[in-house]
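In our numbering, the protein residues as written are 5 to 644. Ideal Cβ positions, reconstructed from N, Cα and C, are used throughout, including at glycine.
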């Protein structure tokens, strides 16, 4: 009896729906029971001492380097079970199933497991991710080991801080003054924890990163390199796309991507600026103090202020007397007449005119007293500290102060004080703010817009470079499936990193058959999708990114996913297995015309010398660019 271990690739558990069309074997994939591959292997290949069994090795299929390594560890255990039964076997892996096989064999090399009964391992369209370890040990440690490493440094760190501080102080040392050797002994003792953990973590690091162990890779290469057969199409999207992905320049964020959004903030900049000022105690107090000291007090003399205060006091007394008369009535019990009130006002204007002739700054003194009465006094007494009432925290006072600036102060600055009559001054105080405040606000808003736009351009350019760099790294990391600690994915090649030469690709005739098949499926899927575009919007439930793909596409549109759907390719695999020790071709296979054709293809593959170069060393073409696009599309997920 002989066994063929079938190892599926990435996302092998994700299939298309029957609605997608082009699905063979009722939706069964090549590695599943009842597939065309299993059936044809049973018909075309025999074991030397019994039937051939196709055994399935299943793993998560996640695009994850850690998942592939964990699957490789489990695969090695399955292979060792076959070894224990002295059973001949081959291992076939498609896509990253080949990476799983490589991980298993590398571990076998590290553990000196020979796997004598494994006669051949075959990889189909496998892109082997090329990794490089971080330079520093600390960067290669996982989070738990980082914590341990830092904790082991604390004793040495405390000693070094003391030593530097003591030496810099220029005073006698606290330790080792009499016997300096004590200080040396302390230094050595304090260094022991970090030295111990450094070597321990280095040892564990070397055990974990078998890929970088020269002895492990050498043993794996010597033991298993000659048993490898690679079957890969020249235009395999996964191999070509991942190989050229590191050199791809991906621009997700234009240099001006944030300009429209940030510039839109200028629409609300002026109201926001107002609310910032009116709610800021420091800003309001600064404005109030400036108005009081530099605007009002600087323009008036103490004599003018005293004269105004005396005049206002006499007015208040006159009003009080007038109010008493109105309440109690005149000598005949009647209120004051209009003529009596006009006489009182004429007397006030006469007195004010005399003061104005004596004090030219009388209007400024009146405005200063009115300003203080509104904002700096309560009940004719100064507010706390002689500063703005409410100390900048009273919204009523704050908003009134700003309103005073844009009405009273603005109109007087423009000449309201020169108006001949009181009515003209009131007209100025109403018309000027209504006209000029919107104009001034518009100019300020325009200046803010220009400033914000300039800042937005600078921010957008700087952030686009940063975001493009971060997004490039994340997209490429996701495409390579690199979720390791301390390793960097630098590219992909068409051979395991522990082998030195790349194999030839499929013969042109067979490659054309695979290409024609995938192109045919692509035409069918595109036609079906075009006809269904009108139904997408009304679909219930709504399609997500992944359900839309699996409903109308099969992944067979790609060469990478089409190998085992082509009968001639399955026959080539059967030919390769039948040429292996412990296997043989069936009489039916020998009598079929495909036997000679596949034998010729296999001889062409095995007879072509390997290439020590890498795929990315070649100049990329249009198909390579398309392959990169396919790889990028595979990183898009419907859910985070």
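Residue range of the unbroken beta strand (DSSP E) whose run includes residue 278: Taking the first residue of the chain shown as position 1, residue 278 is located at position 274. Residue 278 -> not in any beta strand (DSSP E); alpha helix (DSSP H) instead, spanning 273-282.
Straight-line CA distance for residue 329 to residue 377? Residue 329 sits at position 325 when you count from the first residue of the chain shown. Residue 377 sits at position 373 when you count from the first residue of the chain shown. Note that residue 329 has pLDDT 47, beneath the 50 cutoff, so the model's placement of it is unreliable and the number below is only indicative. Residue 329 and residue 377: Cα-Cα distance of roughly 28 Å.
From the DSSP secondary-structure annotation, give me the bridge partner or partners of residue 97. To locate residue 97, count along the chain shown from 1; it is residue 93. Looking at the DSSP assignment, residue 97 forms a beta bridge with 11 and 127.
Taking the beta carbon of residue 313 as the centre, do at least 16 other beta carbons fall within 10 Å, making it buried, or is it exposed? Residue numbering aside, residue 313 sits at position 309 when the chain shown is read from its first letter. Burial call: exposed.
Can residue 489 be considered in contact with the ligand MN, in the sense that its beta carbon sits closer than 8 Å to one or more heavy atoms? Among the components of this structure there are no ligands whatsoever, and the ligand MN is therefore not found.
Sort 69, 580 and 184 by Cα distance to residue 483 and report the nearest one. Here residue 483 refers to the residue found at position 479 when the chain shown is read from its first residue. Among 69, 580 and 184, the Cα nearest to that of residue 483 is on 69.
Please state the DSSP three-state secondary structure of residue 138. Along the chain shown, read from residue 1 onward, the residue named residue 138 stands at position 134. Of the three classes helix, strand and coil, the one that applies to residue 138 here is coil, per DSSP.
Residues sharing a beta bridge with residue 656, DSSP: Residue 656 falls outside the range modelled here, since the chain spans only 5 to 644, and no answer is possible.
Taking the alpha carbon of residue 40 as the point to measure from, which residue in 581, 6, 568 and 472 has its own alpha carbon closest? Sequence index remark: in the chain shown, residue 40 carries index 36 (1-based). Residue 40 has its Cα closest to that of 568, out of 581, 6, 568 and 472.
Distance check for residue 192 and residue 166, CA to CA, integer angstroms please. Stepping through the chain shown from its first residue, residue 166 is reached at position 162. Stepping through the chain shown from its first residue, residue 192 is reached at position 188. Looking at the two C-alpha atoms, the distance is approximately 15 Å.
Taking the alpha carbon of residue 316 as the point to measure from, which residue in 374, 242 and 280 has its own alpha carbon closest? Within the chain shown, residue 316 is the residue found at index 312, counting from 1. Ranking 374, 242 and 280 by Cα distance to residue 316 puts 374 first.
By how many angstroms is the C-alpha of residue 572 removed from the C-alpha of residue 520? Position 516 of the chain shown holds residue 520. Position 568 of the chain shown holds residue 572. If you take the alpha carbons of residue 520 and residue 572, they lie about 12 Å apart.
What are the boundary residues of the alpha helix (DSSP H) that residue 55 is part of? Residue mapping note: residue 55 aligns to position 51 of the chain shown, counting from 1. Note, residue 55: premise wrong, no alpha helix (DSSP H); not H, not E.
If we cut at 9 Å on Cβ distances, does residue 173 have a partner in chain C? Absence of chain C from the displayed structure is noted, only one protein chain being present.
DSSP state of residue 467 mapped onto helix, strand, coil: As a working note, residue 467 is residue 463 in the chain shown. It is helical.
Taking the alpha-carbon of residue 12 as reference, which of 581, 239, 396 and 101 has the nearest alpha-carbon? Within the chain shown, residue 12 is the residue found at index 8, counting from 1. Nearest option by C-alpha distance: 101.
What first and last residue would you give for the beta strand (DSSP E) that runs through residue 491? Here residue 491 is taken as the residue at index 487 of the chain shown, counted from 1. Per DSSP, residue 491 belongs to the beta strand (DSSP E) from 491-497.
By a C-beta neighbour count over all protein chains shown, 10 Å radius and 16 as the cutoff for buried, is residue 278 buried or exposed? Locating residue 278 in the chain shown gives position 274, where the first residue counts as 1. Counting Cβ neighbours within 10 Å, residue 278 comes out exposed, since fewer than 16 surround it.
Measuring straight from C-alpha to C-alpha, what distance separates residue 386 and residue 450? The residue given as residue 386 occupies position 382 in the chain shown. The residue given as residue 450 occupies position 446 in the chain shown. The alpha-carbon atoms of residue 386 and residue 450 are separated by roughly 40 Å.
What is the DSSP secondary structure of residue 369, reduced to helix, strand or coil? By one-based count along the chain shown, residue 369 stands at place 365. Helix at residue 369.
Distance CB(residue 132)-CB(residue 501) smaller than 9 Å: On the chain shown, position 128 is the one that residue 132 refers to. On the chain shown, position 497 is the one that residue 501 refers to. The answer is yes: Cβ separation under 9 Å.
Distance CB(residue 266)-CB(residue 459) smaller than 9 Å: Residue mapping note: residue 266 aligns to position 262 of the chain shown, counting from 1. Residue mapping note: residue 459 aligns to position 455 of the chain shown, counting from 1. The answer is yes: Cβ separation under 9 Å.
Assign residue 516 to one of three DSSP states: helix, strand, or coil. Here residue 516 corresponds to residue number 512 of the chain shown, with the count starting at 1. Helix at residue 516.
Once DSSP output is grouped into helix, strand and coil, what is the label at residue 267? Taking the first residue of the chain shown as position 1, residue 267 is located at position 263. Here residue 267 sits in helix by DSSP.
By Cβ distance, which residues of its chain are closer than 7 Å to residue 513, with the 5 residues on each side in sequence left out? Your numbering for residue 513 matches position 509 in the chain shown. Excluding residues within five positions, none has a Cβ falling inside 7 Å.
Three-state secondary structure (DSSP) at residue 252? Along the chain shown, read from residue 1 onward, the residue named residue 252 stands at position 248. Looking at residue 252 - three-state DSSP - the assignment turns out to be coil, as it is neither helix nor strand.
Taking the C-alpha atoms as reference points, what is the distance between residue 44 and residue 582? Residue numbering aside, residue 44 sits at position 40 when the chain shown is read from its first letter. Residue numbering aside, residue 582 sits at position 578 when the chain shown is read from its first letter. Looking at the two C-alpha atoms, the distance is approximately 12 Å.
Using only the alpha-carbon positions, how far apart do residue 240 and residue 610 sit? Within the chain shown, the letter at position 236 stands for residue 240. Within the chain shown, the letter at position 606 stands for residue 610. Computed Cα separation, rounded: 19 Å.
By Cβ distance, which residues of its chain are closer than 8 Å to residue 356, with the 5 residues on each side in sequence left out? As a first step, residue 356 is located in the chain shown; it is residue number 352 there, counting from the start. Here the set comprises 315 and 366.
Just reading off the beta strand (DSSP E) that residue 587 is part of, what are its end residues? Here residue 587 is taken as the residue at index 583 of the chain shown, counted from 1. Where residue 587 is concerned, the enclosing beta strand (DSSP E) stretches over 587-589.
Beta-carbon gap between residue 225 and residue 113 smaller than 9 Å: Residue numbering aside, residue 225 sits at position 221 when the chain shown is read from its first letter. Residue numbering aside, residue 113 sits at position 109 when the chain shown is read from its first letter. Result yes, Cβ atoms of residue 225 and residue 113 sit closer than 9 Å.
Alpha-carbon to alpha-carbon, residue 246 and residue 66: Working through the chain shown from its first residue, we reach residue 66 at position 62. Working through the chain shown from its first residue, we reach residue 246 at position 242. Straight-line Cα distance between these residues: approximately 16 Å.
Could you pull the start and end residues of the alpha helix (DSSP H) that residue 572 belongs to? Translated into the one-based positions of the chain shown, residue 572 becomes position 568. Residues 571-582.
Tell me whether residue 49 sits in a helix, a strand or coil according to DSSP, three-state version. Reading the chain shown from its first residue, position 45 is the one you call residue 49. Three-state result, residue 49: strand.
Using DSSP's beta-bridge definition, name the partner residues of residue 1. Limits of the chain in this structure are 5 at one end and 644 at the other, which puts residue 1 out of reach.
Count the other CB atoms, across all protein chains shown, that sit within 10 Å of the CB of residue 93; report buried if there are 16 or more and exposed otherwise. Locating residue 93 in the chain shown gives position 89, where the first residue counts as 1. So residue 93 ends up on the buried side.
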